[in-house]
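Notes follow the structure.
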Amino acid sequence: MKQWPELFEAKKVEAKKILPPLRNLEKWPMVKVRFAPNPDGPLHLGSAESIIFSDEYAKMYQGHFILRFEDTSADVKPPILQMYDWIQEDLAWLGVKVDEMYIQSERLAIYYTYAEKLLRMGAGYICTCDSDEYKKLYMAKQPCTCRALPPEEHLRRWGMMLDGSYKRGDAVVRVKTDITHPNPAIRDWPALRISTRTHPLQKRRHRVWPLYNFSCAVDDHLMGISHVIRGKEHEVNSTRQKYLYDHFGWQFPDVINVGRLGLEAGILSKSKIREGVDSGVYSGWDDPRLGTLRALKRRGLQPETIRDIMIQVGPKPINLTITWGNIAAVNKKLIDPDANRYFFVADPIELKVKGLKGPLQARLPLHPDYPEKGYREYTIEPEDGECVFLVQSKDLADVKERLIRFMGLVNIKVKKTGKTTEGEFDSMEHQVAREKGAAFIHWLIEGNSVDAEVVMPNASVTKGKAEKLVTKLKVDDMLQFERFGFVRVDSLNPLRFYYAHD
RNA sequence: GCUCCCGUGGUGUAGACCGGACAAGCAUACUGGCCUUUCGAGUCAGGGAUCCCGGGUUCAAAUCCCGGCGGGAGCACCA
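For the first sequence, position 147 matches number 837 in the numbering used here, and the numbering has no gaps at all.
Written as structure tokens, this is what we have:
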């Protein structure tokens, strides 16, 4: 190693991955990216993908990250008031710097202006056909009769949409595209429609609402978005929006499609989560079974872990499934140096040990890799050579006559198991235990332990006893319960932890 | 049905656009050694892949072409 320091270095550095550079930078005054969620649920791991890429690029080019709430469909995806705040909290937790923020439902006047312009130009029209009838026509590549009507007529109809003459479903603004386009979804797509459901922010102030492709395209242009990073499922939307850009003569942003990110059998579907939360199947949006950022945070996942994983994956147009194992591995590396070690005895049983001599000293490092962090020290004073210990019932399940070692303390032979469990002093040295292949188990005594519970990934609760010392920790601290797993302090009173991973 | 994407060890993937040092990289899982105290951590080592199938191009194919099979996504008056 001394002779070849450079080899050693090379291995250490391990190539920190960075994102590929953006294209077409010269076409834009500055890099502007946006994240545009519907506030109908909190952020989840799937949303994190485009968020992290956008944020990384904004920082890389000293650009702007724009947060834009797309809350224009109260009928189908009703926004939840609380989510406007939660999403901002989630972004802050991820370490994202938001430079500009907009709420689409506050911008209807802008969309109206462009809708009128579109109609006046003859690039759009108001269709009053029955939607089923219309579908038959466009599937057959046939225009409907509304399409050929003069702009004056459409402006008249526009007024009727706004003043309430048309009812919901009676009329819709369409953008002229190519009625013979091979993909039916592209043909004269709808841009604005009538919606009368009360909006949580706007109440009943508006009755004509833009659809996604219209408001998104107008806003991307107005806000000067240079690069759009979005899920592959939006591919056809890019094609649709290009028609609108062409009508108005706007420059279309660079689109980077990223594949859908799945979490191993994890729950990332917003509608499913919402259903489960509403029905009480889940304890809330941060139920440990969910893939929401809030749930991951509660389980002790570090925001840096999410960022690292996304950068490793890179902005690629392929769908991929992240496994929990992978997430846990990255997180573990991150938290391990700071996670002190403690004992937690799950499902404890009493083990009476006989034949103990004198006071016993236990000196357990808070972190075996960093002795300078200090020790947990305990003195055990047997009465008449006897002392009762608390151990995990699971650890004694298959030991019968075998030797076990109480970590950092003593080796004992288990004599009786079952209703009353007893053991006998065997030896002191851990080498003896190692040689004889004894199980090393952790232990507690009544005097130095407190009741604690750990919420597991499947939302079940493991009850047990923990070292009293853990009551000195703070909420959000990460620690390792030896031979149990890494956990996060969720609450001190009652004493509760969330299980992160092994 | 139409459009698009993907098919590499148990699992998740890299490499494929620009064929050749790729008898295939990484992570995880697994197995074993080590660890003056975690056999659920850490550390080191190891086993494990005819690169979905068939054909073609080529001196040379995981990589290019054709066909097949398998999986996924999109196709709303949702975002």
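Glycine included, each C-beta is placed from N, C-alpha and C at the ideal position.
One or two residues paired with Val948 in a DSSP bridge: Per the DSSP secondary-structure output, Val948 pairs in a beta bridge with Gly921.
For Ser1181, the residue or residues it bridges with in DSSP: Arg1186
Unbroken stretches of the alpha helix (DSSP H), 4 residues or longer, contained in the stretch 1115-1179: 1120-1125
The stretch 899-917 / the stretch 831-850 touching (three or more Cβ pairs under 8 Å): no
Under the three-state DSSP convention, the category His896 falls into: coil
Contacting residues, own chain, Cβ-Cβ under 7 Å from Leu1024 (five flanking each side not counted): Answer for Leu1024: Gln992, Glu994 and Thr995, listed in chain order.
Straight-line gap, Gln832 to Arg877 (C-alpha atoms, nearest Å): Between Gln832 and Arg877, the C-alpha separation is close to 10 Å.
Chain-order list of residues whose beta-carbon lies under 6 Å from that of Asn1016 (same chain, five-residue window excluded): none
N- and C-terminal bounds of the alpha helix (DSSP H) containing Arg847: Element bounds for Arg847: Pro841 to Asp853.
Given Gly1048 as reference, the closest of Gly1075, Ser961 and Trp940 once Cα atoms are compared: Looking at the Cα atoms, Gly1075 is the closest of the given residues.
Lys1084 beta carbon less than 8 Å from that of Asp1037: yes
Arg1095 to Asp1192 span [Cα, whole Å]: About 22 Å.
Val1100: first and last residue of the uninterrupted beta strand (DSSP E) it sits in: Val1100 to Lys1106
Proximity below 8 Å, CB of Leu983 to CB of Asp730: No.
Beta-ladder partner(s) of Phe1096, from DSSP: Val1100 and Ile1131
Buried/exposed call for Gly1154, threshold 16 Cβ in 10 Å: buried
Per-residue burial, Leu735 [other beta carbons within 10 Å of its own, 16 or more giving buried]: Classification of Leu735: buried, given that the 10 Å Cβ count is 16 or more.
Straight-line Cα distance separating Phe1033 from Pro1058: 14 Å
Closest by C-alpha distance to Ile1008, when choosing among Ala726, Gly921, Met829 and Ala748: Gly921
Selected residue, minimal CA-CA separation from Glu1143, among Asp1167, Lys1164, Phe1130 and Leu1182: Measuring from the Cα of Glu1143, the nearest candidate turns out to be Leu1182.
Cβ-based burial, Gln1082 [other Cβ within 10 Å; buried from 16]: buried
Proximal residues to Trp1164 (C-beta, below 7 Å), its chain only, five neighbours per side dropped: The question names Trp, but residue 1164 in the sequence shown is Lys. Excluding sequence neighbours, Lys1164 sits near Val1179.
Cut-off 8 Å between Cβ atoms - residues of its own chain near Lys857, not counting five sequence neighbours on either side: Ile884
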